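Participant:
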Amino acid sequence: MRQKILILTLTLFAVIAVTAKDPGMKKGTPNITSISVLEFNKDGILFIGDSKGGAIYAVDLDDDEMSSNEEQLSIPDLEDKIAGMLGTTADNVMIHDMAVNPISQNVYLSVSRGRAKWTSKWETPNDITDASILIRISPSGKISEASLEDVEYSSVKIPNPVDASIEHRWKKGAKLRSDAITDIAIDGDKLYITGLSNEEFRSALWTASFPFTDNVNASTLEIFHGAHGKWETASPVRAFLPYELNNQKQMLAAYLCTPLVTIDATKLTAGNHVKGRTVAEFGSGNYPIDMVLYQNNGKDYILMSNSALPLLLFDPQDVANYDGEITEEVQGYLAGVKYTPRSGNGVQQLADFNKKYILSTQRLPNGKLALTSLSKDWLYP
Amino acid sequence: MIHIKTNIKKGGLWSLLCFLLAVSTVNGQSFFTAKTLPQSDRYGTITTRLVPEDIVRLIEERNLNFDEWSSFFYVQTSPSGPAVLGAYGIETNHLSFTPKFLPDPNIKYLVTFSYPKLAELLSGQIEETSIYSDVASFEPPEATQPEVISFIPKLHDVPANLLRFYVYFSAPMSLQNPYDFITIEDKNGKALVDPFVIVPEGLWNIDHTRLTLLLHPGRVKQGVGPNMTLGDVLLAGNSYTLKIDPAWKGSSGEPLKEAFTQTINATNPLRGAMNINNWALKAKVNNGIGILTVVTDHPLDQPLAQRMLFLRNMEGQILPVQINFENPEQLQILWRHQGSQELELLIDPRLEDVCGNTPHYAFDLEGTERTPSQEELKIKFKIE
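Chains as they are written, first to last, in our numbering: chain A, 280 to 660; chain B, 88 to 471.
#1: Is the separation between the beta-carbon of A/Phe-632 and that of A/Met-570 shorter than 8 angstroms?
#2: So, using beta-carbon positions, are A/Ala-337 and A/Tyr-471 closer together than 8 angstroms?
#3: Go through the stretch 132-169 of chain B residue by residue and report every complete run of the beta strand (DSSP E) that reaches 3 residues or more, in order.
#4: Any residues in the stretch 353-368 of chain A with a beta carbon nearer than 9 angstroms to a beta carbon of chain B? Which ones, in chain order?
#5: Counting only beta-carbon separations shorter than 8 angstroms, does B/Ala-223 have a partner in chain A?
#6: Cα separation between A/Ile-416 and A/Asn-477?
#7: Below 7 angstroms, is the gap between the Cβ of A/Phe-503 and the nearest heavy atom of the ligand FAD?
#8: Measure from the C-beta of A/Glu-424 to each C-beta in chain B and report whether the shortest distance is under 8 angstroms.
#9: DSSP beta-bridge partners for B/Phe-347?
#10: What number of angstroms, rounded off, separates the C-alpha of A/Gly-603 from the C-alpha of A/Gly-615?
#11: Curious, which full-length beta strand (DSSP E) runs of at least 3 residues does the stretch 520-569 of chain A contain?
#12: First and last residue of the alpha helix (DSSP H) that includes B/Tyr-202?
#13: For A/Asp-329, which of helix, strand or coil comes out of DSSP?
#14: Can you list, in chain order, the residues of its chain whose CB lies under 7 angstroms from that of A/Pro-302, leaving out five sequence neighbours each side?
#15: Starting from the Cα of A/Asn-525, find the closest Cα among A/Leu-658, A/Gly-611, A/Tyr-601, A/Val-372 and give me that residue.
#16: Going by beta carbon distance, what residues of the same chain come within less than 6 angstroms of A/Ile-463, once the five residues before and after it are set aside?
#17: Assuming the contact rule is C-beta atoms closer than 8 angstroms, B/Leu-302 and B/Ala-247 should be a hit. Round their C-beta distance to whole Å, please.
#18: Rounded to whole angstroms, what's the CA-CA distance from B/Asp-451 to B/Val-382? Just pull it up for me.
#19: Just the C-alpha distance for A/Phe-503 and A/Ser-426, rounded to the nearest angstrom, thanks.
#20: Rounded to whole angstroms, how far is the Cβ of B/Gln-428 from the Cβ of B/Lys-469, which I believe are closer than 8 angstroms?
#21: Report the option in B/Glu-416, B/Ile-133, B/Asp-141 whose CA atom is closest to the CA atom of B/Leu-205.
#22: Around the Cβ of B/Asn-264, are there at least 16 other Cβ atoms within 10 angstroms (buried) or fewer (exposed)?
#23: Using DSSP with H/G/I as helix, E/B as strand and the rest coil, what is B/Leu-262?
#24: For A/Val-540, which residues from the same chain have a beta carbon less than 6 angstroms from its beta carbon, with the 5 sequence-adjacent residues on both sides left out?
#25: Answer yes or no: do B/Leu-250 and B/Pro-304 have a C-beta to C-beta separation smaller than 8 angstroms?
#26: When burial is assigned at 16 or more other CB atoms within 10 Å of the CB, is B/Pro-125 buried or exposed?
#27: Helix, strand or coil, according to DSSP, for B/Val-382 in the structure here?
#28: Let's test the definition: count the other Cβ atoms within 10 Å of the Cβ of A/Arg-456 and tell me whether it reaches 16, buried, or not, exposed.
#29: In or out: A/Gln-529 buried (at least 16 other Cβ within 10 Å) or exposed?
#30: Which whole runs of the beta strand (DSSP E) in the stretch 373-411 of chain A are 3 residues long or more, in chain order?
#31: Residues of chain A with a CB under 7 angstroms from the CB of B/Ile-293: which are they?
#32: In this structure, what does DSSP give as the bridge partners for B/Phe-450?
#33: Quick check on A/Arg-556 - is its C-beta less than 8 angstroms from some C-beta in chain B?
#34: Given that a residue counts as buried once 16 or more other Cβ atoms are within 10 Å of its Cβ, and exposed if not, what is B/Ala-280?
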C-alpha cells in the first residue's frame, strides 16, 4: 500500500512538474516567420522572439537531460560546419542569436543564409534577412538541426509592434519591423521584451507572464543619450537584463552608440511612458549585441559584447553606487559608470554556458567565426 | 530554373574510406539521378536507382528520422562536412533526398549510399554490401545579358530642374562604378561635366536592379555655391541624350545586351510646391475592383509615389492597393472594393514631384515652409 502511495505521489509530482512549464502548450508546428531572438528560462523552455510575426513563442524542445559538464566548448570553424548543413559556403552563413539551455547545456543558434548581403556596420542580421533555421550544438560539439515541427508550444502576440511597411530613417532598404523585438529577458515567471512599437515614442518594453496570458503590458521608453546630447525615444534597447540594484528591480539596458540606462521595473505598467536614467556612455560607432550576467569569486559581473567595441565588463555594484544621471551632452563619448575593456574584438554572441565558462562567437583573424569559451575565472575587472 | 546534372568522378576527394570501397555506377550508369522539379517548391531531388522492394519495405516500417536516413544515404558538401539538411523519402522503390535550401550553384553535393550502413541500422537483415558514391552539382541558370527595361521619368520633355532619373535593369548589375558608364551629352555630343552626385557604387535598390541617378542638387538649386560656379545641369530649351555604355556588366559578369540612349528636352523649370487641392480625382468600381484616377498638378516622382500614397476607408483601415502610372501626372489606384462609397486618398507629406517639390515646400525657393505640417494630407472622394 505504501509503495502504491509512493508511486501515485511520484506520478502526481511528475505531472505537476511537466505542466508547470505551461499548461496552455499544444503540440504542433508554430507558425514562426522570423527567429529573431532566442532566450531560455530556467526550466529549459526556449522563447523565440518573432519580429516579423510580432509574437513570442515558448517552445518545449524536450531537451531536459541535466548536464553537469564543466568543460569548455570550442568549434574554430562554426560557419563552415553550418554551411555544410545548409548547402552553401561559410561566407553566406549568418548567426542571428545564441542561447544555451541551462539544463542540458545544449547551445541553440538562429541561423540564415544571407551574410553575403551584410555590408553595413550598422545593420543587424535581422535587418538583412529572417532566420529560419534553429541549430543545436551539444556540449560535446555535435551540430544538428533542432526541428520546430511537431513540438509542444504556446505563443502570445505583442501588442502594436511597429508596422511592417515603415522604413528605417537612415538604414538604406531596412524596415523598422526587423527591430519589433530586439531582446528578451526572463525573470522568474516574467518576460521582458524590448523593441519598437507604433506609438509616438517607438521604443517599447513589453512585460508578459509565463505561462502566457492575453495580458501583455506595453510601456514606451525615453532616455537621454549623452553622446548625441538629446532625449531619444525612437531607438530600441539593443541588449538588456533585469537586475536588483539597491533592493529595487531595474532593467540594465544598452542602446546603439552606446549609453547604459537603468529602467525602474515598477514603472513598467500598461501604457506608461518611462524615462530611463542614463548612467554611462560606453562609446560611439557601435551597437551592443549581447549582455550576460555571471559570477567570479561569488561576485556578480556583467559582460557585454559589441559590434565595434571590445568586450566591456562592468560591476553592477558600480551602477548601484552611481547616484548621478547623464543629462547633458558628453564630450568624447565616454562618461558615467566605469567599465573595463577586455580583449575580445570580434566577439558577437554571448551566453552563460556552465559553471566555469561563458560561450561566445568570435570572428577570428582568418575570417572564420569560432565558437569559443571564455573562462569566468579570467573575467574580472 | 535550376539545372541539375550528375558528374561521375570515381574515387574523387570524397571521404577516403568510403571512396576506397565505393563504386559510382551500376552497369555503366550512375547509381544516383539528380533531377529538377520546376513546377514544385521542391526544386530538385537526388534519387537512387531501384532499391530491392523488401529493403524499401523494411525502411518504410522503421519510419526513420533524419539522423538514421543520413547514416546510410549521406549527402554532404565537403568530405569532412556534416550532412546537408533536407528531406528523405521513398518514391516507388527509389530513395530520394531533397535539400532544404535552394542549392548554391557553386556547391557540389557528395552523395553516398551504403548498404552495409543500412544493414547496421536494420539489424543485419540485408546481404547486399555495395557502397555507391557520386558527385551531383546543381548548375546555375544560364547567364543572361542584362538590359535596361525602364527609365523614369517617362517623359521626353522634362523640367530643367529635374532632380532624379531612375534606370531599371532586367537583372542585378555589378558593383562597377556606374558613373563610368553613364553620360549625359548635349545636342553637340559633348558630355556634361559632373551632372550627378557621385555616390560610391551608386544608389541601388536591394536587388541591384534599380539605379537612382541624382542630378547634382547644388547645381539644380538656384543661387547656391555649385550652381553659381558650375551652372545649371540642364538648360531650358536644350535637348540632351543620356547614354549607358554596353560595356557595363551585370552581376553575372555578362555585359549589357545593348547600349541605352534616352533623349530628353529640358523645358521651363518647375519651381513651386505641389498643391493637392488642384488634384483631380475620379473613382469608379468595375467588377469589384475600385479604380481611382488621379490627375496631379505636378509630374510625380513615381517610385516615391508608390510608397507614399495610401487609400483609407471610413472605418480607418488602410487598404492594399496597386498603383499604375499612365504618365507622371496621371495615375490609377486599384483596390478590392467593398463597403463604404466614400474613401480618402492619403498623401505622405514627403512625396516629391520630379523636381523635389513637396506639398509643403518648393525645393528651389527660399522662404517656403520647410517643416512639414503635422496636419494629415488627405483628399476625400466618392465612388461614382
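Even glycine gets a Cβ: it sits at the ideal position worked out from N, Cα and C. None of these values were measured; they are calculated from a predicted model.
Facilitator: This is what the structure holds:
#1: Here the question's residue 632 of chain A lines up with position 353 in the first sequence. Here the question's residue 570 of chain A lines up with position 291 in the first sequence. Result no, Cβ atoms of A/Phe-632 and A/Met-570 do not sit closer than 8 angstroms.
#2: As a position in the first sequence, residue 337 of chain A is number 58, starting the count at 1. As a position in the first sequence, residue 471 of chain A is number 192, starting the count at 1. Not in contact: A/Ala-337 and A/Tyr-471 (Cβ atoms no closer than 8 angstroms).
#3: 160-163
#4: Asp-359, Lys-360, Ile-361, Ala-362, Gly-363, Met-364, Leu-365, Gly-366, Thr-367, Thr-368
#5: Position 136 of the second sequence holds residue 223 of chain B. It does not; no Cβ of chain A falls within 8 angstroms.
#6: For the purposes of this step, residue 416 of chain A is identified with residue 137 of the first sequence, where counting begins at 1. For the purposes of this step, residue 477 of chain A is identified with residue 198 of the first sequence, where counting begins at 1. Their backbone Cα atoms lie some 37 angstroms apart in a straight line.
#7: Of the ligands one can find in the structure shown there are none, so the ligand FAD has no counterpart to examine.
#8: Numbered from 1 along the first sequence, position 145 holds the residue referred to as residue 424 of chain A. A/Glu-424 counts as touching chain B.
#9: To locate residue 347 of chain B, count along the second sequence from 1; it is residue 260. According to DSSP, B/Phe-347 bridges with B/Ile-331.
#10: For this step, residue 603 of chain A is matched to residue 324 along the first sequence. For this step, residue 615 of chain A is matched to residue 336 along the first sequence. Cα to Cα, A/Gly-603 sits roughly 8 angstroms from A/Gly-615.
#11: 527-533, 538-543, 552-554, 556-561
#12: Position 115 of the second sequence, counted from the first residue, corresponds to residue 202 of chain B. Residues 202-208.
#13: Locating residue 329 of chain A in the first sequence gives position 50, counting from the first residue. It is a strand residue.
#14: What you label residue 302 of chain A is simply residue 23 of the first sequence in a count that begins at 1. Counting only Cβ-Cβ distances below 7 angstroms, and skipping sequence neighbours, we find Pro-490.
#15: Working through the first sequence from its first residue, we reach residue 525 of chain A at position 246. The shortest Cα separation from A/Asn-525 among A/Leu-658, A/Gly-611, A/Tyr-601, A/Val-372 belongs to A/Tyr-601.
#16: Locating residue 463 of chain A in the first sequence gives position 184, counting from the first residue. Closer than 6 angstroms at Cβ, skipping near neighbours: Val-316, Glu-318, Phe-326, Gly-328, Ile-472.
#17: As a first step, residue 302 of chain B must be located in the second sequence, where it is residue number 215. As a first step, residue 247 of chain B must be located in the second sequence, where it is residue number 160. B/Leu-302 to B/Ala-247, Cβ: 10 angstroms. No contact.
#18: Position 364 of the second sequence, counted from the first residue, corresponds to residue 451 of chain B. Position 295 of the second sequence, counted from the first residue, corresponds to residue 382 of chain B. Their backbone Cα atoms lie some 23 angstroms apart in a straight line.
#19: In the first sequence, residue 503 of chain A corresponds to position 224, counting from 1. In the first sequence, residue 426 of chain A corresponds to position 147, counting from 1. For A/Phe-503 and A/Ser-426, the distance between alpha carbons rounds to 42 angstroms.
#20: Indexing the second sequence from 1 puts residue 428 of chain B at position 341. Indexing the second sequence from 1 puts residue 469 of chain B at position 382. Confirmed, about 6 angstroms.
#21: As a working note, residue 205 of chain B is residue 118 in the second sequence. Answer by Cα proximity: B/Asp-141.
#22: In the second sequence, the residue the question calls residue 264 of chain B occupies position 177. So B/Asn-264 ends up on the exposed side.
#23: Taking the first residue of the second sequence as position 1, residue 262 of chain B is located at position 175. If DSSP states are grouped into helix, strand and coil, B/Leu-262 belongs with coil.
#24: Here the question's residue 540 of chain A lines up with position 261 in the first sequence. Cβ neighbours of A/Val-540 beyond the five flanking positions: Ile-502, Ala-532, Gly-555, Thr-557.
#25: Taking the first residue of the second sequence as position 1, residue 250 of chain B is located at position 163. Taking the first residue of the second sequence as position 1, residue 304 of chain B is located at position 217. Cβ distance < 8 angstroms, so B/Leu-250 and B/Pro-304 count as in contact.
#26: Here residue 125 of chain B corresponds to residue number 38 of the second sequence, with the count starting at 1. Residue placement at B/Pro-125 is flagged as unreliable, the pLDDT there being 45, under the threshold of 50; the coordinate-derived value follows with that caveat. With fewer than 16 Cβ atoms within 10 Å of its Cβ, B/Pro-125 is classed as exposed.
#27: For the purposes of this step, residue 382 of chain B is identified with residue 295 of the second sequence, where counting begins at 1. Residue state, collapsed to three classes: strand.
#28: Position 177 of the first sequence, counted from the first residue, corresponds to residue 456 of chain A. The residue is buried, with at least 16 neighbouring Cβ atoms inside 10 Å.
#29: Sequence index remark: in the first sequence, residue 529 of chain A carries index 250 (1-based). Buried is the call here.
#30: 386-392
#31: Mapped onto the second sequence, residue 293 of chain B falls at position 206. Per Cβ cutoff of 7 angstroms: Gly-452.
#32: The residue given as residue 450 of chain B occupies position 363 in the second sequence. DSSP, once it has assigned bridges, lists no residue as partnering B/Phe-450.
#33: Position 277 of the first sequence, counting from 1, holds the residue named residue 556 of chain A. No, A/Arg-556 does not count as interfacial toward chain B.
#34: Working through the second sequence from its first residue, we reach residue 280 of chain B at position 193. In the sequence as displayed, the identity of residue 280 of chain B is Val instead of Ala. B/Val-280 is exposed by the Cβ-count criterion.
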